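Colleague:
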Amino acid sequence: MTFSTKLVFALTAIPAVLAATLNVQVGAGGKLKYDPEYVIAAPGDVVNFTFNPKNHTVTQSAFNTPCVPLPGGASSGFNPVTANTNPLPTFQVHVTDTKPIWIHCEQANHCSSGMVFAINPPATGNTFDAFKKLAVAGGSSGSSAPVGTPYTSPPPPQWTIATATVTYANSVYTTTYTSYDGTPPPTPAAAPADHKILISDDGSFAYDPPHIQAAIGDTVTFEFRAGNHTVTQSSFQNPCVKFVDSQGNPGFASGFKPVASGTTTFPTFQIKINDTAPIWGYCGQTDHCGDGMVFAINSVESGPNNFVAFQQMAKNINGTAPLPTPTGKNSGIRGAAFMTPTGLVAAFALVFAVL
Ligand SMILES: *[C@@H]1O[C@H](CO)[C@@H](O)[C@H](O)[C@H]1NC(C)=O
Ligand SMILES: *[C@@H]1O[C@H](CO)[C@@H](O)[C@H](O)[C@H]1NC(C)=O
Ligand SMILES: *[C@@H]1O[C@H](CO)[C@@H](O)[C@H](O)[C@H]1NC(C)=O
Ligand SMILES: *[C@@H]1O[C@H](CO)[C@@H](O)[C@H](O)[C@H]1NC(C)=O
Ligand SMILES: *[C@@H]1O[C@H](CO)[C@@H](O)[C@H](O)[C@H]1NC(C)=O
Numbered sequence: 642m643t644f645s646t647k648l649v650f651a652l653t654a655i656p657a658v659l660a661a662t663l664n665v666q667v668g669a670g671g672k673l674k675y676d677p678e679y680v681i682a683a684p685g686d687v688v689n690f691t692f693n694p695k696n697h698t699v700t701q702s703a704f705n706t707p708c709v710p711l712p713g714g715a716s717s718g719f720n721p722v723t724a725n726t727n728p729l730p731t732f733q734v735h736v737t738d739t740k741p742i743w744i745h746c747e748q749a750n751h752c753s754s755g756m757v758f759a760i761n762p763p764a765t766g767n768t769f770d771a772f773k774k775l776a777v778a779g780g781s782s783g784s785s786a787p788v789g790t791p792y793t794s795p796p797p798p799q800w801t802i803a804t805a806t807v808t809y810a811n812s813v814y815t816t817t818y819t820s821y822d823g824t825p826p827p828t829p830a831a832a833p834a835d836h837k838i839l840i841s842d843d844g845s846f847a848y849d850p851p852h853i854q855a856a857i858g859d860t861v862t863f864e865f866r867a868g869n870h871t872v873t874q875s876s877f878q879n880p881c882v883k884f885v886d887s888q889g890n891p892g893f894a895s896g897f898k899p900v901a902s903g904t905t906t907f908p909t910f911q912i913k914i915n916d917t918a919p920i921w922g923y924c925g926q927t928d929h930c931g932d933g934m935v936f937a938i939n940s941v942e943s944g945p946n947n948f949v950a951f952q953q954m955a956k957n958i959n960g961t962a963p964l965p966t967p968t969g970k971n972s973g974i975r976g977a978a979f980m981t982p983t984g985l986v987a988a989f990a991l992v993f994a995v996l
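What follows is the structure, given as structure tokens:
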């Protein structure tokens with residue numbers, strides 16, 4: 642080999658040798674996010690997207706219209722993934738030049754929640770941050786409420802039921818669930834925990850803490866420290882109205898728990914967490930709910946139906962607060978995770994046997 646043929650060989654070999662696979666997690670941990678949010682790739686590189694549980698897409702868009710599929714652009718289509726799927730589905734984008742490639746998730750409100758991604762975003766001008774801002778500001782194709790429209794409460798959650806097989810404590814259970822964005826996985830905690838919420842400990846009309854995350858099988862103990870309050874289940878749409886399920890069964894309600902001053906043993910009220918759907922509740926004492934005395938368990942704080950939105954609704958609907966200007970839009974896919982009753986009973990029997 643002459644020097645020059647060696648050089649040509651080396652040069653042509655470079656792209657193949659250096660071509661890299663850049664791995665990106667789609668919706669890991671239930672988050673509406675690509676992780677990392679952008680990559681810098683060379684021609685020949687492959688961006689390898691892995692779809693985590695839920696139902697996401699990898700869809701190409703244009704910088705100016707982040708949430709609209711680009712005609713003729715790359716698209717993975719929807720990848721519904723149930724809990725415990727193994728291996729997870731993947732989708733590859735082959736990078737052929739250094740031009741920016743803009744990506745979003747087509748599912749419901751995911752793009753307007755900031756679920757966007759970029760390959761080779763410029764460091765100035767049309768940056769990744771600018772793209773993400775446009776996505777959040779613009780929302781997904783036409784479904785976001787324009788700023789300034791009259792306030793309306795969000796539509797009721799939509800439930801899509803799915804089943805998954807869960808291996809837990811050496812046993813296999815069938816879990817029925819629907820993918821509620823941002824909720825914990827449809828599996829119980831390794832050991833159930835008890836969460837404490839104090840009521841009116843310092844004389845303020847508040848639950849402390851006002852919102853918590855709890856796993857399936859956990860308990861939440863409310864402790865009434867002062868005043869004359871209740872713990873009453875409601876719904877996101879009607880924060881100050883007793884919850885009744887679709888079969889007409891009432892939600893939980895502690896009733897009034899008056900606490901005399903000087904009391905040292907405080908009344909308590911305990912609930913068990915049976916699924917990962919958000920649980921909403923309020924104090925039924927006159928005017929307390931409208932003053933914002935509400936709580937939430939497993940509210941999805943990354944989405945529009947978060948605790949602050951719920952509390953604001955309570956004040957708007959049942960209090961004196963002015964109607965707000967909507968800032969977010971309402972999310973589409975909603976649901977919860979719960980073990981089938983026999984699975985749940987069996988799973989916890991095992992946990993308690995171990996403890
Ligand atoms: C993509 O990532 C998955 C892991 O989620 C891995 O199993 C697979 O081999 C990767 N594919 C490529 C082409 O590197
Ligand atoms: C995934 O999402 C798409 C779009 O919302 C929907 O049409 C499809 O039915 C979903 N698939 C599953 C299995 O939930
Ligand atoms: C206001 O709250 C009370 C209970 O605190 C409830 O009975 C009533 O239905 C609520 N009103 C509205 C409009 O939600
Ligand atoms: C607690 O509040 C309820 C409802 O306002 C009232 O009926 C009850 O008498 C109160 N109890 C005490 C001890 O103040
Ligand atoms: C969980 O299920 C039990 C038994 O069916 C029920 O008493 C309890 O109220 C449920 N918990 C919640 C938060 O709905």
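Using my numbering, the letters of the sequence shown correspond one by one to residues 642 to 996. The beta-carbon is built from N, C-alpha and C at its ideal position, and this holds for glycine as well. Computed from a predicted structure; not experimentally measured.
1) Going by alpha carbons, who is nearest to F865 out of K913, A901, S717, G892?
2) Any chance you could list the residues with Cβ under 5 Å from a heavy atom of ligand 4, keeping chain order?
3) Alpha carbon to alpha carbon, how far is P677 from D686? Give it in angstroms, no decimals.
4) Closer than 7 Å by C-beta to Y923: which residues in its own chain qualify, once you throw out the five before and the five after it? Chain order, please.
5) Measuring straight from C-alpha to C-alpha, what distance separates V777 and N725?
6) Where does K695 fall in DSSP's three states?
7) Classify I857 as helix, strand or coil using the three-state DSSP reduction.
8) Spatial neighbours of A715 within its chain, please: C-beta separation below 6 Å, excluding the five flanking residues on both sides.
9) Taking 6 Å as the limit between beta carbons, can you name the residues of its chain near V885, skipping five residues before and five after?
10) Under the criterion of a Cβ to heavy atom distance below 8 Å, does F893 qualify as lining ligand 5?
11) Got a list of residues with beta-carbon closer than 5 Å to any non-hydrogen atom of ligand 2, in chain order?
12) At the level of alpha carbons, what is the spacing between L729 and H697?
13) What residue does the alpha helix (DSSP H) around Q952 start on, and which one ends it?
14) Starting from T917, follow the beta strand (DSSP E) in both directions and report where the run begins and ends.
15) Can you list, in chain order, every residue whose CB sits closer than 5 Å to a heavy atom of ligand 1?
16) Please say whether Y848 and P757 have beta carbons closer to each other than 9 Å?
17) With DSSP as the reference, identify every bridge partner of Q701, one or two as the case may be.
18) Below 8 Å, is the gap between the Cβ of Q854 and the nearest heavy atom of ligand 5?
19) What is the DSSP secondary structure of V736, reduced to helix, strand or coil?
20) Can you look up F772 in the DSSP assignment and give me helix, strand or coil?
21) For T731 and G668, what's the separation of their Cα atoms in angstroms?
22) For K837, is the beta carbon positioned less than 8 Å from some heavy atom of ligand 5?
23) Judging by CA-CA distance, which residue of T917, F893, D835, T927 is the nearest neighbour of N869?
24) Would you mind sorting S820 into buried or exposed? The rule is 16 or more other CB atoms within 10 Å of its CB.
25) If you run the structure through DSSP and keep just helix, strand and coil, what is A669?
Modeller: In short, the structure shows the following:
1) A901
2) N869, F897, P899
3) 16 Å
4) T873, S875, P880, C881, C930, M934, V935, A955
5) 31 Å
6) strand
7) coil
8) Q701, V734
9) P891
10) yes
11) N696, F719, P721
12) 12 Å
13) 948-959
14) Looking at the DSSP string, T917 is not in any beta strand (DSSP E), and its letter there is neither H nor E.
15) T662, N689, T691, T731
16) The sequence as given places Val at residue 757; Pro does not occur at that position. No; because the gap between Cβ atoms is not below 9 Å, this pair is not in contact.
17) I744
18) no
19) coil
20) helix
21) 12 Å
22) no
23) T927
24) Reliability of the predicted coordinates at S820 is poor, the pLDDT of 46 falling under 50, and the value obtained from them is presented with this limitation in mind. Its Cβ being crowded by 16 or more others within 10 Å, S820 is buried.
25) helix
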